[in-house]
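Worksheet: the structure to be examined is printed underneath.
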Amino acid sequence: MANLDINTTIILVTFFIIYGIFLFFDVFQRNERYRYLAYIVALLPINYMWILEFDIILVYTVLFGLWTLCILRDMILVYRKTKEYDDIFLFFILAVVIQIVVASVLPGVLPNLKLLPNMAGIWDLFWLPNIYAPGAQEDFVLVFRVLLTVLIIFIMGPLLLDIKGEDIPFPVLLVIVAIFIIPFLLLSYIWLAEAVAVLTFLFSVVLFVILLIITKSGKEMK
156 MANLDINTTI ILVTFFIIYG IFLFFDVFQR NERYRYLAYI VALLPINYMW ILEFDIILVY
216 TVLFGLWTLC ILRDMILVYR KTKEYDDIFL FFILAVVIQI VVASVLPGVL PNLKLLPNMA
276 GIWDLFWLPN IYAPGAQEDF VLVFRVLLTV LIIFIMGPLL LDIKGEDIPF PVLLVIVAIF
336 IIPFLLLSYI WLAEAVAVLT FLFSVVLFVI LLIITKSGKE MK
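One point on numbering: in the working numbering, the residue at position 68 of the sequence shown is 223, and numbering is uninterrupted.
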């Protein structure tokens, strides 16, 4: 149960306001690139929610929603105009890495977080939501799955568009598929845990076919 009082509520709202400042940073017309910090600042309210003992599935659902808003903003305001995706991808990956570190450190500082419902300890080192826990609320789990799926699609889409029509040798295509195995594993786990291996294999094969269609070898007849 969340431990909310007037003070914790104000702090939580303030963290969301700070996130909103960076999400809409371009409104201030400062011609600076601090908009990308929104991916990292999104970690403030969600980890504070975790400290306040909100349902961990809800906490990560909110995080996926905040990250999705960031990517939507950048797809509209940045990628559509400049076709530049490096900063978007870099700050997103940086935010993911930071959250993984927090998921290890925070329960060590506050051991009671390990005892919250719907928690799963990976090697007793990283504490993440367990959507298959007996007490998991189905509504939260469904939104969790949908938002995480949308987030992964939004991250992968521009990467595929960037290499469309490029000359990419066959071995490099295999490397690209290997890189995407992690998000495929994640997608397979959240939707059908008992078939993780076969679903990941299917997704990898489908991606490989797509890559063969949208890229060139560079050896085609002129």
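Yeah, the Cβ is synthetic: ideal placement off N, Cα and C, and Gly gets one too. Please read all numbers here as calculations on a predicted model, not as lab measurements.
Checklist entry - Given a threshold of 16 other Cβ atoms within 10 Å of its Cβ, counted over all protein chains shown, does residue 190 qualify as buried or as exposed? => result In summary, residue 190 is buried, with 16 or more beta-carbon neighbours lying within 10 Å of its beta-carbon over all protein chains present.
Report yes if the C-beta distance between residue 341 and residue 222 is below 9 Å; otherwise report no.
Pairing residue 341 with residue 222 gives a Cβ-Cβ distance that is not under 9 Å.
Return the chain-ordered ranges of every beta strand (DSSP E) run that is complete within the region 279-312 and spans a minimum of 3 residues. Whole beta strand (DSSP E) segments, 3+ residues: 281-284.
message: Out of 264, 326, 220, 349, which one is the CA nearest neighbour of residue 304?
response: Across the set 264, 326, 220, 349, the C-alpha of 220 shows the shortest separation from the C-alpha of residue 304.
| Exposure of residue 198, with buried meaning 16 or more beta-carbon neighbours within 10 Å | Residue 198 is buried by the Cβ-count criterion.
What's the C-alpha gap between residue 211 and residue 328?
-> Inter-residue distance for residue 211 and residue 328 is about 37 Å (C-alpha atoms, whole angstroms).
Can you check which of these residues, 349, 283, 258, 228, is closest to residue 182 by C-alpha distance? Per the Cα distances, 228.
_Could you compute how far the alpha carbon of residue 338 sits from the alpha carbon of residue 207?_
Whole-angstrom Cα-Cα distance: 29 Å.
Rounded to whole angstroms, what is the Cα-Cα separation between residue 326 and residue 364?
Near 14 Å, if we compare the C-alpha coordinates of residue 364 and residue 326.
Please report the distance separating the alpha-carbon of residue 290 from that of residue 369.
Those two C-alpha atoms are separated by around 44 Å.
Looking only at its chain, what residues have a beta carbon closer than 6 Å to the beta carbon of residue 170, apart from the 5 residues adjacent to it on each side? By the criterion of a C-beta distance shorter than 6 Å, residue 170 is surrounded in its chain by 199, 200, 203, once the five residues flanking it on both sides are discounted.
- Query: Between the C-alpha atoms of residue 360 and residue 277, what's the straight-line distance to the nearest angstrom?
  - Reply: Between the C-alpha atoms of residue 360 and residue 277 there is a straight-line separation of about 28 Å.
Problem set entry | Among 298, 280, 336, 254, nearest to residue 354 - alpha-carbon criterion | If we check each option's Cα against that of residue 354, 336 comes out closest.
Residue 137: first and last residue of the uninterrupted beta strand (DSSP E) it sits in: Here the chain has residues from 156 to 377 only, and residue 137 is not among them.
For this session: Could you check what DSSP says for residue 320 in three-state terms: helix, strand or coil?
Result: In the three-state reduction of the DSSP assignment, residue 320 falls in the coil class, being assigned neither a helical nor a strand state.
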